[in-house]
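Report on the structure given below.
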Amino acid sequence: MVQLYRAEEDDWLTVLRKKQQPKNQSTLVLRPQDGFVLATHRPAVLMMAIESAANLLQSEAKAIYVDVPRHQNIAVIKSLRDSATEKIVRITGIYIGGQIRRVRIYATAPEDSCRGIVHGIEAGTSPEELMQNLCAPNTDVLSARMMGRSETALLTFRGTYVPRFVLYHRAKYDCKPHKPKASILLDLLWHWPSSGHLPTSRRPSSCKACGSLLDTPDQEHSCKLCCANCQGEHPADDPTCPAREQADSAASKAAYLKRVQARKKYEKKPETSRQVTTER
Numbered sequence: 001m002v003q004l005y006r007a008e009e010d011d012w013l014t015v016l017r018k019k020q021q022p023k024n025q026s027t028l029v030l031r032p033q034d035g036f037v038l039a040t041h042r043p044a045v046l047m048m049a050i051e052s053a054a055n056l057l058q059s060e061a062k063a064i065y066v067d068v069p070r071h072q073n074i075a076v077i078k079s080l081r082d083s084a085t086e087k088i089v090r091i092t093g094i095y096i097g098g099q100i101r102r103v104r105i106y107a108t109a110p111e112d113s114c115r116g117i118v119h120g121i122e123a124g125t126s127p128e129e130l131m132q133n134l135c136a137p138n139t140d141v142l143s144a145r146m147m148g149r150s151e152t153a154l155l156t157f158r159g160t161y162v163p164r165f166v167l168y169h170r171a172k173y174d175c176k177p178h179k180p181k182a183s184i185l186l187d188l189l190w191h192w193p194s195s196g197h198l199p200t201s202r203r204p205s206s207c208k209a210c211g212s213l214l215d216t217p218d219q220e221h222s223c224k225l226c227c228a229n230c231q232g233e234h235p236a237d238d239p240t241c242p243a244r245e246q247a248d249s250a251a252s253k254a255a256y257l258k259r260v261q262a263r264k265k266y267e268k269k270p271e272t273s274r275q276v277t278t279e280r
């Protein structure tokens, strides 16, 4: 929207107003669970598969749209209607490419939120059990889940300050800010063609030792130890790889800067006398 303000007798100032997002807009993320590649299907086909799986009404279908980011095997779904959002998050599989594919769909955390990690939780604990027994002083726990098969839980808090501790089953656990690591595909080196054409439907494999692209994971080939990321004499999944450490550092810094920007936008710095809201 554009409004004109008269500053002086014959002068007019043009003020551009930033278009505000609808208050009920939700952002959902779809992740494949059985290894299929979303980019092998056209976005319109994926959109129709989601509509069918969620059994959306025509009015609900018109209130959502799908984006498949390049270089990421996920789909981002924007929904402008709560009823459509509730149906979509219940989807566990979609019919696409002539077969049913398992997927996981979840809502993203709001912008004015932060993540922390807690160690020492029993591996395999369900998100429902975590949410029922977690308590964070002076803030709300928006979501909680275990990180893979580890004994570390990933918590999302309301606000931009991670509490120093949380209570789980009324026991105190230290909580630290989550420092995300760079995404790494250990089973393949994913090369996106510069021409922009869709990749082949069959997902290739790559050797972790030398980085060679293989037709099958067990294909025989001449192998010389060489990291595909830094060309060092170690496998590509070596945690001490300099390129991997640099990427992890960049991802952690980006997450920190995002929290700082959110603080400036949404919150004032809490009182220093409140011991549970000061981030480490």
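Letter 75 of the sequence shown, counting from 1, is numbered 75 in full-length UniProt numbering, and no numbers are missing. We treat Cβ as the ideally placed atom computed from N, Cα and C, and that holds for glycine.
Bridge pairing for Ile117: Leu154 and Lys176 [DSSP]. When Leu167, Ala236 and Ala251 are compared, the shortest CA-CA separation from His178 is found for Ala251.
In this structure, Ala262 lies near Asp112, with their beta-carbon atoms less than 9 Å apart.
For Thr27, no alpha helix (DSSP H) encloses it; the enclosing beta strand (DSSP E) starts and ends at Ser26 to Pro32. In this chain, Ile88 is not harboured by any beta strand (DSSP E); it is covered by the alpha helix (DSSP H) spanning Asp82 to Ile88. For Cys210, same chain residues with a beta-carbon under 6 Å away, outside a window of 5 residues either side, are Cys223, Lys224 and Cys226 in chain order. Boundaries for Met131: no beta strand (DSSP E) harbours it, while the alpha helix (DSSP H) harbouring it runs Pro127 to Asn133, taken from the DSSP string.
In this structure, DSSP gives Arg259 a helical state, which the three-state scheme calls helix. In the same chain as Ser26, and ignoring 5 residues on each side of it, the C-beta atoms closer than 7 Å to its own belong to Ser79, Thr85 and Ala107, in chain order.
In the structure shown, Ser79 adopts extended strand secondary structure according to DSSP, grouped into three states. A straight line joining the alpha-carbon of Ile105 with that of Ile74 spans about 10 Å.
For Ser52, the uninterrupted alpha helix (DSSP H) segment begins and ends at Pro43 to Ala54.
Across the set Gly159, Glu60 and Ile88, the C-alpha of Gly159 shows the shortest separation from the C-alpha of Val260.
The beta carbons of Ile91 and Ile64 sit no closer together than 9 Å. Lys176 is the residue among Thr240, Lys176 and Ala171 whose C-alpha sits nearest the C-alpha of Leu154.
Nearest Cα to His221 within the set Cys207, Gln246 and Gly232: Cys207.
For Ala61, the enclosing alpha helix (DSSP H) begins and ends at Gln58 to Ala61. Take Arg102, set aside five residues on each side of it, and the residues of its chain with a beta-carbon closer than 7 Å to its own are Gln33, Asp34, Thr92 and Gly93, in chain order. Shortest Cα-Cα distance from Gln99 to any of Arg31, Ala49, Val166 and Phe165 involves Ala49.
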